[in-house]
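**Q** Listed in order, the protein sequences are those of chains A and B.
Start counting at 1 in the first sequence, then tack on 4, and there's your number in my numbering.
Start counting at 1 in the second sequence, then tack on 4, and there's your number in my numbering.
By construction, the Cβ of each residue, glycine as well, lies at the ideal position given by its N, Cα and C atoms.
Predicted model, so just to flag it, every value in this text is computed and none were measured.
Mind having a look at this structure? Questions to follow.
Number of protein chains: 2
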Amino acid sequence: MSRWAPDAQGRLEDAALSLFAERGYNDTTVADIAERAGLTRRSFFRYFPDKREVLFARSASLTKLWEDTITHAPKDATAVEAVGAALAATAEMFANRKKFVSKRQAIINVTPELQERELVKLASMADATAVLLQERGVDEDVARLVAHMGTTVLRIGFDRWVEPANKLALATILQQLLEVGDGVVATPSKPRPRRRATVA
Amino acid sequence: MSRWAPDAQGRLEDAALSLFAERGYNDTTVADIAERAGLTRRSFFRYFPDKREVLFARSASLTKLWEDTITHAPKDATAVEAVGAALAATAEMFANRKKFVSKRQAIINVTPELQERELVKLASMADATAVLLQERGVDEDVARLVAHMGTTVLRIGFDRWVEPANKLALATILQQLLEVGDGVVATPSKPRPRRRATVA
Numbered sequence: 005m006s007r008w009a010p011d012a013q014g015r016l017e018d019a020a021l022s023l024f025a026e027r028g029y030n031d032t033t034v035a036d037i038a039e040r041a042g043l044t045r046r047s048f049f050r051y052f053p054d055k056r057e058v059l060f061a062r063s064a065s066l067t068k069l070w071e072d073t074i075t076h077a078p079k080d081a082t083a084v085e086a087v088g089a090a091l092a093a094t095a096e097m098f099a100n101r102k103k104f105v106s107k108r109q110a111i112i113n114v115t116p117e118l119q120e121r122e123l124v125k126l127a128s129m130a131d132a133t134a135v136l137l138q139e140r141g142v143d144e145d146v147a148r149l150v151a152h153m154g155t156t157v158l159r160i161g162f163d164r165w166v167e168p169a170n171k172l173a174l175a176t177i178l179q180q181l182l183e184v185g186d187g188v189v190a191t192p193s194k195p196r197p198r199r200r201a202t203v204a
Numbered sequence: 005m006s007r008w009a010p011d012a013q014g015r016l017e018d019a020a021l022s023l024f025a026e027r028g029y030n031d032t033t034v035a036d037i038a039e040r041a042g043l044t045r046r047s048f049f050r051y052f053p054d055k056r057e058v059l060f061a062r063s064a065s066l067t068k069l070w071e072d073t074i075t076h077a078p079k080d081a082t083a084v085e086a087v088g089a090a091l092a093a094t095a096e097m098f099a100n101r102k103k104f105v106s107k108r109q110a111i112i113n114v115t116p117e118l119q120e121r122e123l124v125k126l127a128s129m130a131d132a133t134a135v136l137l138q139e140r141g142v143d144e145d146v147a148r149l150v151a152h153m154g155t156t157v158l159r160i161g162f163d164r165w166v167e168p169a170n171k172l173a174l175a176t177i178l179q180q181l182l183e184v185g186d187g188v189v190a191t192p193s194k195p196r197p198r199r200r201a202t203v204a
């Protein structure tokens, strides 16, 4: 194998996913993954702190994408519209990664340790989103509910997308789910107790 | 201390919460908790498998309460109404436990291991709720969204309730939050939320 490794990260991800599927997550080592990718253990650690993070490295980019999208959403966009934009951007980011997402979900679904990690990642993404929505002037309760609805839509959406029978694009699925959950936004314009008065 | 222990479980819970607050979760042992409660380690293990579960034993009763409430909700209750009934039952269950909830939240908020456990518990509660709602004939996506909205309302509601400035009852807080999130249910059968419009 060449010591020069184009897309080393991608190769390590693919190798890890294949090995996790073949041997199970617990019976796969960092050395196995590096070997399968034709790289050294040292190279592995240049990209990931441990084998678990191979599955979560993309979550960081995803969180960044949500932050950017929500921060730059039009000023008059509602909370749901801002989260909708983040979901649309997510669909674009993953459009060509269906095989990756599918294998990843399959491994997470049978490994409690990974399920916990996934829940923690999603919860912290929702919390970060809620803060950004509040900075846009959204009421705190609405911000938290819409943010958590957004990550719930994301989670259900990925499940739906990778179902063998599914023919719909991720973007379509996420948009449909968001419409199901949308009513949430109707409230802030109406009089409510906790609404942050008015910025005169 | 008497070997006969009325409400041993409650005493162990109170002892654990006090010690976690005083020394931190990691620096408190099962022996410490038993001693503070005037009980033996052996008694402790009759009630809890480990110190972490002292904080989560009530979650099992809570899950049971949600299951019972949702299963026995009137046949024509919508998904949100069924979850609303579960939230109301929860408020009743915890009405006299504010001090407990408050101390518990404080410890969880500063201990990542406990935050993970809490997220896992809430997620599995939401998943169980979604299944029960589907058994009631609710569409799968709506069931999952409403179930997750329910546990999100629960989480935000407890936070709100224990805020020092809060004067509202837990039942009121949960109901208000549910109203914020309510529109969710409107989509499948009706054109769109704003259903609160006029109560004829």
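(1) Using the beta-carbon of each residue, which ones in chain B are nearer than 9 Å to Met-153(A)?
(2) Figure out for me which residue from Val-150(B), Arg-62(B), Glu-139(B) has the closest Cα to the Cα of Gly-14(B).
(3) Check whether the Cβ of Glu-120(B) lies closer than 8 Å to any Cβ atom in chain A.
(4) By the criterion of Cβ-Cβ separation under 8 Å, what are the contact partners of Asp-131(B) in chain A?
(5) Cα separation between Ala-35(B) and Phe-98(B)?
(6) For Asp-145(A) and chain B, any beta-carbon pair shorter than 8 Å?
(7) Would you kindly work out how many angstroms separate the C-alpha atoms of Val-184(B) and Ala-89(A), rounded to a whole number?
(8) Could you check whether the Cβ of Leu-59(A) sits closer than 8 Å to any Cβ belonging to chain B?
(9) Express the C-alpha separation of Glu-120(B) and Leu-43(B) in angstroms, rounding to a whole number.
(10) Helix, strand or coil for His-76(A) per DSSP?
(11) Rounded to whole angstroms, what is the Cα-Cα separation between Met-129(B) and Leu-69(A)?
(12) Can you check which of these residues, Glu-122(B), Arg-108(B), Lys-171(B), is closest to Gly-28(B) by C-alpha distance?
(13) Could you check the C-alpha separation between Pro-192(A) and Glu-85(A) for me, to the nearest Å?
(14) Applying the criterion that 16 or more other CB atoms from any shown protein chain within 10 Å of the CB defines a buried residue, is Phe-49(A) buried or exposed?
(15) Taking 8 Å as the threshold (C-beta atoms), are Trp-165(A) and Lys-102(A) in contact?
(16) Name the two residues that bound the continuous alpha helix (DSSP H) containing Arg-121(A).
(17) In its own chain, which residues sit with a C-beta less than 7 Å from the C-beta of Val-203(B), not counting the 5 before and 5 after it?
(18) Of the choices Ala-25(A), Ala-81(A), Arg-140(A), Glu-39(A), whose alpha-carbon is the least far from that of Val-114(A)?
(19) Just the chain A side, please: which residues come within less than 7 Å of Ala-127(B) by C-beta, in chain order?
(20) Please state if the CB of Leu-181(B) and the CB of Gly-213(B) are separated by a distance shorter than 8 Å.
(21) Could you check whether Ser-47(A) and Ala-20(A) sit closer than 8 Å to each other, using their CB atoms as the reference points?
(22) Within 10 angstroms of the Cβ of Asp-145(B), are there 16 or more other Cβ atoms? Answer buried if so, exposed if not.
(23) At what residues does the alpha helix (DSSP H) containing Val-84(A) begin and finish?
**A** Considering the structure as presented:
(1) What Met-153(A) touches in chain B: Leu-149, His-152, Met-153, Thr-156, Gly-185, Val-188.
(2) Relative to the Cα of Gly-14(B), the nearest Cα in the group Val-150(B), Arg-62(B), Glu-139(B) belongs to Arg-62(B).
(3) Flagged as an interface residue toward chain A: Glu-120(B), by a C-beta distance shorter than 8 Å.
(4) Close partners of Asp-131(B) in chain A (Cβ separation under 8 Å) are lacking, with about 11 Å as the shortest Cβ gap.
(5) Looking at the backbone, the Cα of Ala-35(B) and that of Phe-98(B) are separated by about 28 Å.
(6) Yes, contact with chain B.
(7) Distance between the alpha carbons of Val-184(B) and Ala-89(A) is about 21 Å.
(8) It does not; no Cβ of chain B falls within 8 Å.
(9) Taking the straight line from one Cα to the other gives about 29 Å.
(10) In this structure, His-76(A) counts as coil in the three-state DSSP scheme.
(11) Straight-line measurement puts the Cα of Leu-69(A) at about 29 Å from the Cα of Met-129(B).
(12) Measuring from the Cα of Gly-28(B), the nearest candidate turns out to be Arg-108(B).
(13) In this prediction, Pro-192(A) scores a pLDDT of 36, lower than 50, which makes its location untrustworthy; the coordinate-derived value is nonetheless stated afterwards. Their Cα atoms are separated by approximately 13 Å.
(14) Counting C-beta atoms within 10 angstroms of its own C-beta, Phe-49(A) has fewer than 16 neighbours from the protein chains shown and is therefore classed as exposed.
(15) A distance below 8 Å separates the beta carbons of Lys-102(A) and Trp-165(A).
(16) For Arg-121(A), the uninterrupted alpha helix (DSSP H) segment begins and ends at 116-139.
(17) Confidence is the limiting factor: at Val-203(B) the pLDDT is only 36, short of 50, which leaves the residue's position unreliable and the question unanswerable from this model.
(18) The candidate whose alpha carbon is nearest that of Val-114(A) is Ala-25(A).
(19) By Cβ distance, chain A contributes Leu-123.
(20) Outside the shown range of chain B (5 to 204) lies residue 213(B), about which nothing can therefore be said.
(21) Note that the C-beta distance between Ala-20(A) and Ser-47(A) is not below 8 Å.
(22) Buried.
(23) Val-84(A): member of the alpha helix (DSSP H) spanning 83-98, first to last residue.
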